[in-house]
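Residue numbers (this note's numbering): 1065 to 1162.
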């Protein structure tokens, strides 16, 4: 019986070593897949988010018409204010009819 138990323990030791190797391989593969996924995600994010220079260029393209519109609005307000002032002066300077 003792010889049989020695064989059994030896087999369990081999199975334990085999299980450990298998577990190490599974962990290695999982880490490799995580690294690959992380790398792919980083590349996708780089493709998704443009560089700062490109964003600034888009902002300038958008901001230029906004500046023009604002300048036009200010000019229109000045014109209307001046027109209102002229009208007001004309009303004050014209003789009142009774």
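Here a beta-carbon is modelled for each residue, glycine too, at the ideal position from N, C-alpha and C.
A quick note: this is a predicted structure, and the numbers were derived from the prediction, not measured.
Work out the CA separation of residue j and residue i for me, nearest whole Å.
| i | j | result |
| --- | --- | --- |
| residue 1105 | residue 1118 | 21 Å |
| residue 1127 | residue 1138 | 16 Å |
| residue 1122 | residue 1144 | 34 Å |
| residue 1103 | residue 1083 | 30 Å |
| residue 1107 | residue 1116 | 17 Å |
| residue 1131 | residue 1141 | 15 Å |
| residue 1081 | residue 1120 | 59 Å |
| residue 1078 | residue 1110 | 48 Å |
| residue 1098 | residue 1092 | 10 Å |
| residue 1100 | residue 1090 | 15 Å |
| residue 1133 | residue 1146 | 20 Å |
With a threshold of 7 Å on Cβ separation, who are the neighbours of residue i within its own chain once the five nearest residues in sequence on each side are excluded?
| i | result |
| --- | --- |
| residue 1065 | Residue confidence for residue 1065 is low, a pLDDT of 46 falling below 50, so the modelled location carries little weight and cannot support an answer. |
| residue 1129 | none |
Go through its chain and collect everything with a Cβ distance to residue i's Cβ below 6 Å, but skip five positions before and after it.
| i | result |
| --- | --- |
| residue 1136 | none |
Check your understanding: Which whole runs of the alpha helix (DSSP H) in the region 1080-1104 are 4 residues long or more, in chain order?
Key -> none
**Study point:** Minimum length 3: unbroken beta strand (DSSP E) runs contained in the region 1119-1156
**Key:** none
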